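Mind the numbering: the sequence shown is residues 420 to 1050 in my numbering, read in order. Glycine is no exception: its CB is placed at the ideal position from the N, C-alpha and C atoms. From a predicted model like this one, the values you see are computed outputs, not experimental measurements. A short write-up of the structure that comes next.
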Amino acid sequence: MSEKETSSAEKFEFKAEMKALLHLLIHSLYTHQDIFLRELISNASDALNRVQFESLTNPELFQADLERKIVISGDAQARTLSITDTGTGMTRSDLVERIGTVASSGTMDFLKQLTEAGKPIDGQMIGQFGVGFYSAFMVADRITIESRSVDEESGAWKWESDGAGSFTVEQIERESRGTTVTLHLKEDALSFAEPWRQKEIIRKYSNFVDFPIYVEDKQVNTVDALWQKNKTEISDEELVEFYRFVTNSFDEPLGHLLLHIEGRVDFRAILFIPGKAPQNMYREDFEYGVHLYSSNIFIQDDCKSLLPDYLRFVKGVVDTEDLPLNISREITQNSPVMAKTRKILTGKILGMLKEWALDDPDLYNTFFTEFGPLFKSGLGSDVGNLEEITELIRYESTTTEPGEKTSLSAYVDRMQPEQEKIYFLLGSDRTSAAANPNLEYFKKNEIEVLLLIDPVDIFTVSSLTKYKDHDIISVEKADIKADGDKPDDSNVVSEKDASLLIERFKSILGDRVEDVIISKRLVDSAVTLVSGNAGMDAQMERMMRMMDESYSGAAKILEVNMDHPLLHNLAAFRKDPSQAEVVERAVVQLFEGVQLLEGVLESPTDFIERMTRLMVAATAPEKKEESSDDS
420 MSEKETSSAE KFEFKAEMKA LLHLLIHSLY THQDIFLREL ISNASDALNR
470 VQFESLTNPE LFQADLERKI VISGDAQART LSITDTGTGM TRSDLVERIG
520 TVASSGTMDF LKQLTEAGKP IDGQMIGQFG VGFYSAFMVA DRITIESRSV
570 DEESGAWKWE SDGAGSFTVE QIERESRGTT VTLHLKEDAL SFAEPWRQKE
620 IIRKYSNFVD FPIYVEDKQV NTVDALWQKN KTEISDEELV EFYRFVTNSF
670 DEPLGHLLLH IEGRVDFRAI LFIPGKAPQN MYREDFEYGV HLYSSNIFIQ
720 DDCKSLLPDY LRFVKGVVDT EDLPLNISRE ITQNSPVMAK TRKILTGKIL
770 GMLKEWALDD PDLYNTFFTE FGPLFKSGLG SDVGNLEEIT ELIRYESTTT
820 EPGEKTSLSA YVDRMQPEQE KIYFLLGSDR TSAAANPNLE YFKKNEIEVL
870 LLIDPVDIFT VSSLTKYKDH DIISVEKADI KADGDKPDDS NVVSEKDASL
920 LIERFKSILG DRVEDVIISK RLVDSAVTLV SGNAGMDAQM ERMMRMMDES
970 YSGAAKILEV NMDHPLLHNL AAFRKDPSQA EVVERAVVQL FEGVQLLEGV
1020 LESPTDFIER MTRLMVAATA PEKKEESSDD S
């Protein structure tokens, strides 16, 4: 850096690379113009923090009684915006060395190599140079800094630059300690001189700065940073007010977590479980509700890195100084700090939910009613917490009232003495699931079955294979023991007739089924379809068809109930050649009737037409022989 004398000010030429660097900082790394005000307020807050710390050890501090504050003022006619603080201020040396120098030549070489290679800039490498100040050149074509240091003897100084190739530094008269940064706004940035725009930005980015921020002589940042307080200092009213502030809602939270973590990572957080699930919670564009701060300065909202997707309904604030940020503080890095913070936050939330489930079941049931379907998606996405999530999930079952749910632990407590497995049935709703023929054996033997009727269950059940020592299986794939209760011998189809009828079923249905067997699970229904060893549940196949219209599931096994009157009739009709067409229609109708129940029937028109023909045949009046004396 070279130095030239002028009549009133010293002019300093930036290095040749500075213009390119400023262009890069202004146009490449900042995606939102209003970030500049956050950066300048952050710098002002840092200066106030330093003077506050220094006042603890130096009672003779220059202007020690000066109110510690930040004042924002704009003048639309003059096209200026000023940010004033009463912090430590800067000396001439500070202005030349700290404001006048953006980065070392080594950093410039590094940046040049990255840009030439088309690679993203690593904020961890250059964030330490504090170039956030230069984001102000996005909206200003000239910036002036006037400052007086806490070192009373150093006097007051003015720094000025248009961000192109040079800056000037000169001595001025200024009575008060601190710094004023004045932006001479570009034509397209005049709105930043308006108080409404300033307040809007402050409330979004800087609402929790430790010091008061004034606009038009009124303090704008009026909500306390509750996460910085001890639990005993926070009232219920403050919690509700803060929750409503960060969520823009009018309800009250179900509960909250206030965390102060020290160790491998240091951070403070306040997290809320909302009282109601938002209507757009399942949309792809749903925004996460945890905001990321650093030293009370807003960094990022909708921070997806802080919590897993199945907890995206959680609202609140996480504040850490450990997180490496990029040059604009705007985009977080995928760093070990982030991973550790995420792990701790997830564990704490799951721990709180476990306490609710044990100590306040009504509260937990309210939570699960609102957020259960989304929460259950963690079964398939969070292997590290699978055991904890499994304990917290709830399902309806054949023994619960509609709408009521049970835990796996409670299910196990109710299991039959000889029962070893946990059974479930996938369904689209409670009514159709409860009417599924595959439940008949379980109902008769008083074996509870979980009813998985949330759409997400189709996607997550594959992750739920075992609970403690019990396998979790679908009723369609359960091994059913032979039922000891049989009808009277007069109503039993002989083994030979049953075998021949089974063969007739196979002949008629062909490759539409994998096999036809005598059922052990049916009690009241005539037939049912079950998956083979490699097949899917009916609901799983429905999901696959929703995802791919051309998908055709594997053929299933048709189970027939030989104790059912209809099967008795078909066994008898099979022996009569004149009834062959009736038997064939009845067999196809039984098969397609089960397909209809499962929602996979391809041709309802054929089904109805065939049903009509069967009904016509069944209701036709018997022909009577003409009497011989009708002559």
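Per-residue DSSP class, three states only, for residue i
| i | result |
| --- | --- |
| residue 820 | coil |
| residue 662 | helix |
| residue 890 | strand |
| residue 428 | coil |
| residue 1024 | helix |
| residue 608 | helix |
| residue 1001 | helix |
| residue 645 | helix |
| residue 540 | With a pLDDT of only 46 at residue 540, under the threshold of 50, the placement of this residue in the model should not be trusted; the figure read from the coordinates follows. DSSP places residue 540 in coil when its eight states are reduced to three. |
| residue 548 | Interpretation of residue 548 is limited by its pLDDT of 39, a score under 50 that renders its predicted location unreliable; the figure taken from the coordinates is listed afterwards. Helix. |
| residue 975 | strand |
| residue 479 | coil |
| residue 996 | helix |
| residue 717 | strand |
| residue 554 | helix |
| residue 602 | strand |
| residue 783 | helix |
| residue 1035 | helix |
| residue 748 | Note on residue 748: pLDDT 47, under 50, position unreliable in the model; no value is reported. |
| residue 703 | coil |
| residue 638 | strand |
Residue interval of the beta strand (DSSP E) (run including residue i)
| i | result |
| --- | --- |
| residue 948 | 946-949 |
| residue 517 | Segment: none, residue 517 is in no beta strand (DSSP E) and carries neither H nor E. |
| residue 633 | 632-634 |
| residue 674 | 674-680 |
| residue 493 | 489-494 |
| residue 932 | 932-937 |
| residue 587 | 585-591 |
| residue 728 | From DSSP, residue 728 is part of no beta strand (DSSP E); its letter is neither H nor E. |
| residue 504 | 499-504 |
| residue 580 | 575-580 |
| residue 560 | 559-567 |
| residue 687 | 686-692 |
Reference residue i, options the options, closest by Cα
| i | options | result |
| --- | --- | --- |
| residue 827 | 484, 885, 561 | 885 |
| residue 591 | 599, 981, 796 | 599 |
| residue 656 | 638, 639, 675, 640 | 675 |
| residue 690 | 891, 764, 889 | 764 |
| residue 685 | 692, 704, 712 | 712 |
| residue 668 | 692, 451, 678 | 692 |
| residue 943 | 652, 432, 980 | 980 |
| residue 588 | 512, 741, 951 | 512 |
| residue 452 | 620, 507, 508 | 620 |
| residue 866 | 1009, 652, 900 | 900 |
| residue 457 | 572, 861, 571, 611 | 611 |
| residue 890 | 1035, 838, 779, 604 | 838 |
| residue 631 | 995, 782, 976, 503 | 503 |
| residue 683 | 574, 642, 850, 755 | 755 |
| residue 830 | 842, 822, 820 | 842 |
Cβ pair residue i, residue j closer than 9 Å
| i | j | result |
| --- | --- | --- |
| residue 935 | residue 978 | yes |
| residue 665 | residue 734 | yes |
| residue 602 | residue 567 | no |
| residue 471 | residue 595 | no |
| residue 812 | residue 840 | no |
| residue 870 | residue 853 | yes |
| residue 490 | residue 633 | yes |
| residue 493 | residue 617 | yes |
| residue 1003 | residue 927 | yes |
| residue 625 | residue 464 | yes |
| residue 815 | residue 824 | yes |
| residue 557 | residue 455 | yes |
| residue 868 | residue 947 | no |
| residue 644 | residue 721 | no |
Limits of the alpha helix (DSSP H) - the one that residue i falls within
| i | result |
| --- | --- |
| residue 470 | 454-476 |
| residue 758 | 755-778 |
| residue 925 | 914-928 |
| residue 624 | 614-624 |
| residue 739 | Looking at the DSSP string, residue 739 is not in any alpha helix (DSSP H), and its letter there is neither H nor E. |
| residue 991 | 984-992 |
| residue 809 | 805-811 |
Alpha helix (DSSP H) runs wholly inside the region 813-884, at least 4 long, in chain order: Those alpha helix (DSSP H) runs which fall completely within the region 813-884 and span 4+ residues are 827-832, 849-853, 859-863, 876-879.
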